[in-house]
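**Student:** Once you've had a glance at the structure underneath, I'll fire off some questions.
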Amino acid sequence: MIKFRQNFISVLLVLGVGLTPYVALAAADCGKEEQKEGTEMSEDTFSTVQTATELLGKQKYDEAIEKLSKIADKGSAYEKALVNYNLGLAYSSKQDFKSAVKAFAAALTTDSLPRANREQLRYNLGQLYIVTQQFDEGIKTLETYVSTACGTIPPEAHIFLANALSEKKRYAEALPQIDLAISKSKEIKEQWLQMKLAIAYELKDYKGAAESLVQLIVKFPQKPDYWRQLSSVLYEGKSEPESLAVLALAERQGFLQKPAEIKNLFSIYMMLESPNKAGLLLETAMAKSTMPANEENLSSLSDAWINAREADKAEATLKQLAAMSDKGDYYYKLGAMYGDNERWQDSKGMLTKALQKGGLKRAGDVWMRLAVANYGMKDNNGAVEALQKATTFDESRAQANEWLKALNAKQI
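Heads up, the final residue of the sequence shown is numbered 960 in this note's numbering, and it's a clean run with no missing numbers.
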């Protein structure tokens, strides 16, 4: 019999292509391992393993598998474990992971390998279960590994476990595993934070999603997608001011380039009653051709200037709109704005153009405004005529009748 313990690592692990190598950083308080009995090999088994190792080195996988398979169920428990371990490595080398899983599981079942190698084998087996989409087995194997291993557990083990738990939609259990991986790692990987972010989305945990995005932005500040996502998450979490602040910062750094992104920021400005900022944003975007100066965008711009009480800018924008539109609504807006400023003659002129152009959404409102303009110019007959027209529309009938009564009674 040949004492094989001293050669165990060199013979077994040299072929661990694609598997995570075991790194014995530090051991937990598991005590000293008792030396197992029967950790010897016959010369025939040792010779077969060495031959298989040489064949694998020459990429003759099938020949190596054939030799190892013939003795996989022979000999002592230790020999079976050793042969099946190497058989698993052979299958892994030819990307036959399902067969590798069976061989590694058989090697682990004997419980005859040294503790460090059992732990590494369990870790590798757990990964292969996940690679072959046997998630339940992968979860069970990795949970055993992370809870019983005496050697230092690498951060990646927790990530593999988190991935498997996520695949089974066990998101609440996956999160702590990612946190453990992050706490153990000197360099946090982007993919880990992305996984944590995805889980937070699944759980509708907007606060947790925001925290992950902040970490991603700190590490990768030049990636605009994270800024956009953070703004969206804050908005979904009912933190509109913070959402606006993030978007505004992203815009200042030039990250908002798509029209939809500019419109989103514009809408938030308007919702939070910052129409001047909304107008400046849209005006700048159109000047840079980031946004087209079409009717839709100019209409939004006019609304911003009107709400911001920027009369000159609103007037210029509405005139531009009135010239390009086939409907009279923009002349109506101009007439209404002039009326609010008691520019009665200008108001009447624009309202008249609105009626002439037609296609109005609420023609009754235009006649009501025209009545006000006429009355402001001391033209009571013109006011009465406009009010009589307003009574023919549902949206203005009740108010027009009241005003007519008041005018007839000379109360206004």
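C-beta atoms are modelled at their ideal positions from N, C-alpha and C, and glycine is treated no differently.
Let me confirm a value: Arg666 is counted as buried when at least 16 other C-beta atoms fall within 10 Å, else exposed. Which label applies?
**Tutor:** Arg666 should be labelled buried.
**Student:** Is the beta carbon of Val649 less than 8 Å from the beta carbon of Leu676?
**Tutor:** Cβ distance < 8 Å, so Val649 and Leu676 count as in contact.
**Student:** Within the continuous alpha helix (DSSP H) that includes Ser647, where are the two ends?
**Tutor:** 645-657 is the extent of the alpha helix (DSSP H) around Ser647.
**Student:** Quick one: Cα of Ala934 to Cα of Asn824, how far?
**Tutor:** Their backbone Cα atoms lie some 35 Å apart in a straight line.
**Student:** Starting from Leu908, follow the alpha helix (DSSP H) in both directions and report where the run begins and ends.
**Tutor:** It is not in any alpha helix (DSSP H) - Leu908 carries neither H nor E in the DSSP assignment.
**Student:** Select from Glu890, Ala946, Thr700 the residue whose C-alpha is nearest the C-alpha of Tyr923.
**Tutor:** Looking at the Cα atoms, Glu890 is the closest of the given residues.
**Student:** With H, G and I counted as helix, E and B as strand and the rest as coil, what does DSSP make of Met819?
**Tutor:** Correct three-state label for Met819: helix.
**Student:** May I have the straight-line CA-CA distance separating Val781 from Glu721, to the nearest angstrom?
**Tutor:** Each residue's alpha carbon lies about 22 Å from the other.
**Student:** Return the chain-ordered list of same chain residues with a C-beta closer than 7 Å to the C-beta of Tyr609, the five sequence neighbours on each side being excluded.
**Tutor:** Answer for Tyr609: Ala638, Ser641, Lys642, listed in chain order.
**Student:** Check Ser802 in the structure and name its three-state DSSP category.
**Tutor:** Per the sequence shown, residue 802 should be read as Gly rather than Ser. The answer is coil: DSSP assigns Gly802 none of H, G, I, E or B.
**Student:** Return helix, strand or coil for Leu673, following the three-state DSSP convention.
**Tutor:** Reduced to three states, the DSSP call for Leu673 is helix.
**Student:** Below 8 Å between beta carbons: does that hold for Leu846 and Glu831?
**Tutor:** Their beta carbons are not under 8 Å apart, which means Leu846 does not touch Glu831 by this criterion.
**Student:** Looking only at its own chain, which residues have a Cβ that is under 8 Å from the Cβ of Lys615, when we skip the five neighbours before and after it?
**Tutor:** Contacts found: Thr596, Thr599, Ala600, Leu603.
**Student:** Taking the alpha helix (DSSP H) that Lys755 belongs to, which residues open and close that run?
**Tutor:** Taken as a continuous stretch (DSSP letters only), the alpha helix (DSSP H) holding Lys755 covers 754-767.
**Student:** Please work out which residues of its chain come closer than 6 Å, Cβ to Cβ, to Val565, disregarding the five sequence neighbours upstream and downstream, and give them in chain order.
**Tutor:** The pLDDT assigned to Val565 is 32, lower than 50, so where the model puts this residue is not dependable, and the model offers no usable value.
**Student:** Can you tell me whether DSSP reads Glu890 as helix, strand or coil?
**Tutor:** Looking at Glu890 - three-state DSSP - the assignment turns out to be coil, as it is neither helix nor strand.
**Student:** If we count Cβ pairs, one from each stretch, closer than 8 Å, do we get three or more for the region 855-863 versus the region 835-845?
**Tutor:** These segments do not touch.
**Student:** Let me know the secondary structure DSSP gives Met589 once reduced to three states.
**Tutor:** Residue state, collapsed to three classes: strand.
**Student:** Is Gly674 closer than 8 Å to Leu690 when the C-beta atoms are compared?
**Tutor:** It is a contact, given that the beta carbons lie within the stated cut-off.
**Student:** I'd like to check one pair, Ala871 with Lys896: are the Cβ atoms closer than 8 Å?
**Tutor:** For Lys896 and Ala871, no; Cβs fall outside 8 Å.
**Student:** Residues in the same chain with beta-carbon distance under 7 Å from Gly887, minus the five sequence neighbours each way, listed in chain order, please.
**Tutor:** Cβ neighbours of Gly887 beyond the five flanking positions: Ser895, Arg917, Val920, Ala921.
**Student:** Roughly how many whole angstroms lie between the Cα atoms of Gly636 and Ile613?
**Tutor:** Roughly 9 Å separates the two Cα atoms.
**Student:** Can you tell me the Cβ-Cβ gap for Ala931 and Leu899, rounded? I've got them flagged as a contact below 8 Å.
**Tutor:** Between Leu899 and Ala931 the Cβ distance is about 12 Å, and since that is not below 8 Å, they are no contact.
**Student:** Can you tell me whether Asp851 is buried or exposed, with buried defined as 16 or more other CB within 10 angstroms of its CB?
**Tutor:** By the neighbour-count rule (16 or more Cβ atoms within 10 Å), Asp851 is buried.
**Student:** Looking only at C-alpha atoms, which of Met819, Ala625, Ala826, Val762 sits nearest to Ser590?
**Tutor:** Checked all of Met819, Ala625, Ala826, Val762; the closest Cα to Ser590 is Ala625.
**Student:** Apart from the five residues just before and just after Leu911, which ones in its own chain have a Cβ nearer than 8 Å to its Cβ?
**Tutor:** The question names Leu, but residue 911 in the sequence shown is Ala. So the qualifying residues of the chain are Leu903, Phe941.
**Student:** Counting along the chain, where does the alpha helix (DSSP H) carrying Gly636 start and finish?
**Tutor:** Run containing Gly636: 625-641, per the alpha helix (DSSP H) assignment.
**Student:** Let's test the definition: count the other Cβ atoms within 10 Å of the Cβ of Asn929 and tell me whether it reaches 16, buried, or not, exposed.
**Tutor:** That one is exposed.
**Student:** Please state if the CB of Pro772 and the CB of Ser733 are separated by a distance shorter than 8 Å.
**Tutor:** No; because the gap between Cβ atoms is not below 8 Å, this pair is not in contact.
**Student:** From Leu764 to Tyr754, what distance separates their C-alpha atoms?
**Tutor:** Rounded to whole angstroms, Leu764 to Tyr754 spans 15 Å at the Cα level.
**Student:** For a minimum of 4 consecutive residues, which ranges assigned as the alpha helix (DSSP H) are wholly contained in the region 681-714?
**Tutor:** Counting whole runs of 4 or more residues, the region 681-714 contains the alpha helix (DSSP H) stretches 683-696.
**Student:** Classify Arg945 as buried or exposed, calling it buried when 16 or more other Cβ atoms lie within 10 Å of its own Cβ.
**Tutor:** It counts as exposed.
**Student:** Given a threshold of 16 other Cβ atoms within 10 Å of its Cβ, counted over all protein chains shown, does Gln668 qualify as buried or as exposed?
**Tutor:** Per the 10 Å Cβ criterion, buried.
**Student:** What do you get for Met743, buried or exposed, if any count of 16 or more other CB atoms within 10 angstroms of its CB means buried?
**Tutor:** Looking at its Cβ environment, which holds 16 or more other Cβ atoms inside 10 Å, Met743 is buried.
**Student:** Kindly indicate which three-state DSSP category Ala856 falls into: helix, strand or coil?
**Tutor:** Ala856: coil per DSSP, three-state reduction.
**Student:** Report yes if the C-beta distance between Ala712 and Ile687 is below 8 Å; otherwise report no.
**Tutor:** Contact flag set, yes.
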